[in-house]
Amino acid sequence: MRFAPVSAALSLALAVAASSSHSAPVEVLDPRAAVLEEAGRVALNAGDVDKATDAFEAALAIQPGSSRITISLAQAARMQGMQGKALHYYRTVLSRDPQNIDAMGGEGETLAEKGAVEKARENLAKIENLGGKGSDAANRLIAAIAKGPLPAALPSAKVASTADVAAKPTPQTN
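For the record, in the sequence shown the residue sitting at position 38 is 189 according to the working numbering, with numbers rising by one throughout.
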């Protein structure tokens with residue numbers, strides 16, 4: 152009986168220590184990189200994707216290998232319609248940190264936008280297996296899967312209709 156409170160406290164301490172060892176460490180950014188990342192987020196939220204990309208790239212030059220900044224750069228690439236480039240950034244993060252739920256979610260969203268819905272569902276299952284069920288990344292991925300692929304982009308040049316092709320030019324004299 153005398154040892155019950157001590158053993159309960161020790162058990163609690165061990166349980167907390169064991170669970171905290173499985174959580175991802177918080178990435179601490181260089182203050183200069185943090186300022187640039189914040190400027191990039193503000194620009195991205197304002198719709199200025201080019202300015203955001205410049206800020207994220209500058210932040211990444213200050214702190215190379217930052218997962219957080221690389222994920223932000225991937226989000227900017229997605230907003231520009233460059234899903235292939237976004238996938239590259241997400242996979243770069245996942246190659247360094249295979250359990251990064253934010254990168255998994257972003258990769259899944261991008262895959263869903265490209266029409267690879269089954270692969271996106273696989274990412275969702277991985278996130279849920281890692282304990283990310285109900286997380287922001289999982290919820291965004293669920294929404295992207297429900298939304299489905301993005302519509303195909305229209306080319307910037309005018310596409311000739313069949314009537315334009317069938318029409319014969321009228322000869323002109325000089």
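Glycine included, every Cβ here is placed at the ideal spot set by N, Cα and C.
With a cutoff of 7 Å on beta-carbon distance, Ala288 and Ile252 are scored as near each other.
DSSP assignment within the region 199–236 yields the following whole alpha helix (DSSP H) runs of 4 residues or more, N-terminal first: 200–213 and 218–230. In this structure, the CA atom of Val179 is about 34 Å from the CA atom of Ala297. Shown here, Gly257 sits in a helix according to DSSP, grouped into three states. Cβ contact annotation for Arg219 (same chain, cutoff 6 Å, sequence separation greater than five): Glu178, in chain order. Out of Gly283, Ser286 and Leu262, the CA that lies nearest to the CA of Gly299 is found in Leu262. By the Cβ neighbour-count rule, Val193 is exposed, with fewer than 16 other Cβ atoms within 10 Å of its own. Asn274 is classed as buried because its beta carbon has at least 16 other beta carbons within 10 Å across all chains shown.
In this structure, Val186 keeps its C-beta atom at 7 Å or more from the C-beta atom of Thr221. Residue environment for Gln234: buried (at least 16 other C-beta atoms within 10 angstroms of its C-beta).
In the DSSP annotation of this structure, the continuous segment of the alpha helix (DSSP H) that includes Lys277 starts and ends at Val268 to Asn280. It is roughly 28 Å from the alpha-carbon of Pro215 to the alpha-carbon of Ala271. Taking the Cα positions, Lys277 is about 13 Å away from Glu260. Counting the other CB atoms within 10 Å of its CB gives Ser217 a total of 16 or more, which places it among the buried residues. DSSP places Gly191 inside the alpha helix (DSSP H), whose first and last residues are Pro182 to Asn196.
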